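What follows is a set of notes on a single structure, which appears directly below.
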Amino acid sequence: MNALSTRDLHVTLAGSHVLQGVTLDVPSGGVTALLGRNGVGKTTTLRALLGLVPHEGSVTILDHDVERWATHRIVQLGVGYVPEDRDVFAGLSVAENLRLAEQRPDPDYETAFGLFPELRDRRRQRAGTLSGGQQQMLSIARVLLNRWPLLLVDEPSKGLAPRIVGELADALERVATRSTILLVEQNLAVVRRLAQRVVVLDHGVVVHAGPASDLADPDLTRQLLGVAGAR
Ligand SMILES: Nc1ncnc2c1ncn2[C@@H]1O[C@H](COP(=O)(O)OP(=O)(O)O)[C@@H](O)[C@H]1O
Ligand SMILES: [Mg+2]
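In the numbering used here, the protein residues as written are 43 to 273.
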């Protein structure tokens, strides 16, 4: 069964045909990585799935045809989103930021704090006084706090120190035991560790879909992603 599928998804932004017929399936459970060079349409795909940009084509999420659904209805189905731009409420404490983010029953503070233990130590600190990396952790924790059946995560490791990237991967691995995750991620080490399947976009279409073990082929990886596969 699929948690998510699209058929022939098209998006035009400011006169530019950004998604040109994206067809993809995300099986229930585990992590599917959505890969591709910069500017190929990964973020736009996630935004279209959430009904944040006008699109054509069919989208099925958690067994519902969600074409033309408002974003809040799609979210209510159980779809969490870690966007590329990660903001927190600067004037509120860490604990208040987390409390305001509770959107599902039975919030999982163990994962949110276990993910980034320093957030627990700083729970009374104003979020605006955290470092940039800590604010980014907090904004990710705000999403992972909820038990989402389906999570769309856009480049979570971007800008984080290597030590934190390891903690983040631990947390996503843990969340993936109970949620389906569609993960946009440039860090191939993280992708290899977490993903069971990969879907590669290029110029607004899917150019490859298969098991994550396909990334073991350096030539294929270089051809699809423009990076050396052996990293
Ligand atoms: N709001 C927008 N208006 C016009 N063009 C956009 C907009 N958002 C993204 N684009 C363009 O769409 C293409 C795909 O962008 P994006 O989905 O952000 O790519 P990726 O996430 O794969 O790097 C890029 O060429 C980008 O410049
Ligand atoms: Mg992007």
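For glycine and all other residues, C-beta sits at the position ideal for the given N, C-alpha and C.
It should be emphasised that the depicted structure is a prediction, and the values quoted were computed from it without experimental measurement.
(message) Tell me whether the region 85-98 and the region 205-215 touch, counting them as touching only if at least three CB pairs, one residue from each stretch, are closer than 8 Å.
(response) No contact exists between the region 85-98 and the region 205-215.
(request) Measure the C-alpha to C-alpha separation of residue 141 and residue 185 and round it to an integer number of angstroms. (result) Within the sequence shown, numbered from 1, the residue matching residue 141 stands at position 99. Within the sequence shown, numbered from 1, the residue matching residue 185 stands at position 143. Residue 141 and residue 185: Cα-Cα distance of roughly 11 Å.
(message) Using only the alpha-carbon positions, how far apart do residue 133 and residue 263 sit?
(response) Position 91 of the sequence shown, counted from the first residue, corresponds to residue 133. Position 221 of the sequence shown, counted from the first residue, corresponds to residue 263. Linking residue 133 to residue 263 through their CA atoms gives a straight-line distance of about 44 Å.
(message) Just to confirm the assignment: which complete beta strand (DSSP E) runs, minimum length 3, are found wholly within the region 103-149?
(response) Listed in chain order, they are 121-124.
(message) For residue 192 and residue 261, I'd like the C-alpha separation in whole angstroms.
(response) Position 150 of the sequence shown, counted from the first residue, corresponds to residue 192. Position 219 of the sequence shown, counted from the first residue, corresponds to residue 261. Roughly 32 Å between the two C-alpha positions.
(request) Can you grab the Cα-Cα spacing for the pair residue 190 / residue 269, in whole Å? (result) Taking the sequence shown and counting its residues from 1, the one referred to as residue 190 is at position 148. Taking the sequence shown and counting its residues from 1, the one referred to as residue 269 is at position 227. The alpha-carbon atoms of residue 190 and residue 269 are separated by roughly 32 Å.
(request) Look up residue 90 in the DSSP assignment and give the residues it is bridged to. (result) Translated into the one-based positions of the sequence shown, residue 90 becomes position 48. For residue 90, DSSP records no beta bridge to any residue.
(request) Have a look at the DSSP bridge pairing and note the partners of residue 62. (result) Residue mapping note: residue 62 aligns to position 20 of the sequence shown, counting from 1. Looking at the DSSP output, residue 62 sits in a beta bridge with 52.
(message) Please give the ranges of any alpha helix (DSSP H) in the region 192-231, keeping only runs that are unbroken, at least 4 residues long and fully inside the region.
(response) Counting only runs of 4 or more, we get 204-217.
(message) Could you check whether residue 253 and residue 265 sit closer than 8 Å to each other, using their CB atoms as the reference points?
(response) For the purposes of this step, residue 265 is taken as residue 223 along the sequence shown, with counting starting at 1. For the purposes of this step, residue 253 is taken as residue 211 along the sequence shown, with counting starting at 1. Against a cut-off of 8 Å, the Cβ pair of residue 253 and residue 265 comes out as no contact.
(request) Could you spell out the range, first to last residue, of the beta strand (DSSP E) harbouring residue 75? (result) Working through the sequence shown from its first residue, we reach residue 75 at position 33. 72-77 is the extent of the beta strand (DSSP E) around residue 75.
(message) According to DSSP, is residue 168 part of a helix, a strand, or is it coil?
(response) For the purposes of this step, residue 168 is taken as the residue at position 126 of the sequence shown. Residue 168 falls in the strand class under three-state DSSP.
(request) May I ask you to report which of helix, strand or coil DSSP gives residue 272? (result) As a position in the sequence shown, residue 272 is number 230, starting the count at 1. No answer about residue 272 holds up, because its pLDDT of 43 lies below 50 and its placement is not dependable.
(request) Classify residue 261 as helix, strand or coil using the three-state DSSP reduction. (result) The residue labelled residue 261 in the question sits at position 219 within the sequence shown. Of the three classes helix, strand and coil, the one that applies to residue 261 here is helix, per DSSP.
(request) In the DSSP assignment, find the unbroken beta strand (DSSP E) run with residue 253 in it and report its ends. (result) Taking the first residue of the sequence shown as position 1, residue 253 is located at position 211. Its beta strand (DSSP E) spans residues 247-253.
(message) So residue 73 and residue 124 are supposed to be a Cβ contact under 8 Å. How far apart are they, rounded?
(response) Position 31 of the sequence shown, counted from the start, is the residue given in the question as residue 73. Position 82 of the sequence shown, counted from the start, is the residue given in the question as residue 124. About 13 Å separates the two Cβ atoms, so there is no contact after all.
(message) For residue 230, tell me which candidate among 199, 221 and 223 has the shortest Cα-Cα distance.
(response) Here residue 230 is taken as the residue at index 188 of the sequence shown, counted from 1. Comparing Cα-Cα distances from residue 230 to each of 199, 221 and 223, the minimum goes to 199.
(message) Using C-beta distances below 7 Å, list every residue in its chain close to residue 235, excluding the 5 sequence neighbours before and after it, in chain order.
(response) As a working mapping, residue 235 is identified with position 193 in the sequence shown. Within the same chain, residue 235 has close Cβ partners 211.
(message) What does the Cβ neighbour count give for residue 272, buried or exposed, with the cut at 16 atoms within 10 Å?
(response) If you number the sequence shown from 1, residue 272 lands on position 230. Annotation note: pLDDT 43 at residue 272 (below 50); position unreliable, no value reported.
(request) Counting only the same chain and skipping the five closest in sequence on each side, list residues whose C-beta sits under 7 Å from that of residue 109. (result) As a first step, residue 109 must be located in the sequence shown, where it is residue number 67. Excluding sequence neighbours, residue 109 sits near 100 and 101.
(request) With DSSP as the reference, label residue 181 as helix, strand or coil. (result) Residue numbering aside, residue 181 sits at position 139 when the sequence shown is read from its first letter. Annotated three-state conformation of residue 181 is helix, per DSSP.
(request) Go to residue 157, then tell me how far its alpha helix (DSSP H) extends in each direction, as first and last residue. (result) Reading the sequence shown from its first residue, position 115 is the one you call residue 157. Segment 151-157, the alpha helix (DSSP H) holding residue 157.
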